[in-house]
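To start, the structure itself, in structure tokens.
Numbering (UniProt numbering), first residue to last: 1 to 310.
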């Protein structure tokens, strides 16, 4: 009985409601629904992203230029992919060098999506794309570093690895392009090289031993150079002293010769004075403080001692 009365009341209300207002309300409701549908199916394409439009799971288009776009309601879906460069920290890996040493290498990569359709078809997701890129980087780095000795890798001065980062980047891109993953590696860089914990002490000891050996070699070379310099200096000093001695003897001989000449010229002018001078010179060598001389009183040699000047 109650339901029948409610139906009667509704019919009575419709009869009382003006027809134009009823149509306005219905039209407004339909318009509001259409507006909501339209707003929920409008999307914005930003500058740093791709918009992938799918219809029943299949890619129908990829929007790249910024602006407003519209998708078909209930049929099409939209997902985003980054257009900007992406940083990826490559997992730490253990590698054996040419001289059979184990090292831990750590890289990072900068990459970007170049073909979103190929990326979705072959890699499916960003995580899978990075996983494939990681595999390629590890494989190539292991091959390249496996051709080098440990000291060539850690010592830039002795390194023969050249532009390893550029080589790895180029080879990884070749593999990615070959498998059509739709991504490109911009750069691969080596961050750090470490030793496994169990190898650190032995390697450090060996490095210390090598440095000590090299230091001893430098000390020996320095000592040998020192001895050569001392020997050369001693030889030069002896040569200089011998030359100076020879020059001194030559100058002394010339001086004595010149003195003798002067003496001879002087004494030749007065022979008696020369005889007197020579006698006085002989007294210096024959007579001392305790010398006892026994001479005849009339000896010419004694007359000067006795003060006889005539």
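By construction, the Cβ of each residue, glycine as well, lies at the ideal position given by its N, Cα and C atoms.
Treat the numbers as computed from the prediction; the structure is a model and nothing was measured.
Whole-angstrom distance between residue j and residue i, CA atom to CA atom
i	j	result
residue 64	residue 48	9 angstroms
residue 105	residue 224	43 angstroms
residue 271	residue 234	53 angstroms
residue 194	residue 103	6 angstroms
residue 157	residue 43	Here residue 157 scores only 46 on pLDDT, less than 50, and its place in the model is too uncertain to base an answer on.
residue 185	residue 169	6 angstroms
residue 89	residue 101	24 angstroms
residue 7	residue 36	Unreliable placement is indicated for residue 7, whose pLDDT of 49 sits below 50; no coordinate value is reported for it.
residue 76	residue 29	25 angstroms
residue 229	residue 236	10 angstroms
residue 130	residue 50	18 angstroms
residue 249	residue 273	31 angstroms
residue 311	residue 134	For residue 311 there is no data in the structure shown, the boundaries of the chain being 1 and 310.
residue 282	residue 232	50 angstroms
residue 109	residue 86	8 angstroms
residue 239	residue 251	18 angstroms
residue 175	residue 56	31 angstroms
residue 285	residue 254	26 angstroms
residue 261	residue 269	13 angstroms
residue 167	residue 173	10 angstroms
residue 226	residue 217	14 angstroms
residue 275	residue 257	21 angstroms
residue 259	residue 222	54 angstroms
residue 277	residue 246	33 angstroms
Residue span of the alpha helix (DSSP H) that contains residue i, given as start and end
i	result
residue 129	126-145
residue 64	It is not in any alpha helix (DSSP H) - residue 64 carries neither H nor E in the DSSP assignment.
residue 99	Neither: residue 99 is in no alpha helix (DSSP H) and is coded neither H nor E.
residue 120	Segment: none, residue 120 is in no alpha helix (DSSP H) and carries neither H nor E.
residue 151	150-154
residue 171	164-178
Residue i: first and last residue of the uninterrupted beta strand (DSSP E) it sits in
i	result
residue 96	93-96
residue 84	No beta strand (DSSP E) holds residue 84; DSSP gives it neither H nor E.
residue 109	102-113
residue 51	49-55
residue 193	183-194
residue 44	42-45
Distance CB(residue i)-CB(residue j) smaller than 8 angstroms
i	j	result
residue 82	residue 113	yes
residue 95	residue 145	yes
residue 72	residue 116	no
residue 107	residue 189	yes
residue 118	residue 182	yes
residue 45	residue 27	no
residue 179	residue 128	no
CA nearest to the CA of residue i, picked from the options
i	options	result
residue 52	153, 79, 260 and 246	79
residue 142	174, 124, 175 and 98	98
residue 206	150, 41 and 256	150
residue 177	74, 32 and 132	132
residue 59	41, 84 and 124	124
residue 153	192, 216 and 256	192
residue 187	264, 111, 258 and 216	111
residue 40	23, 25 and 69	69
Proximity test, Cβ basis, 8 angstroms: residue i and chain B
i	result
residue 104	In summary, chain B is missing from the structure at hand, where a single protein chain is found.
- Message: If contact is defined by three or more beta carbon pairs under 8 angstroms, each pair taking one atom from either stretch, is the region 206-215 in contact with the region 134-146?
- Response: no
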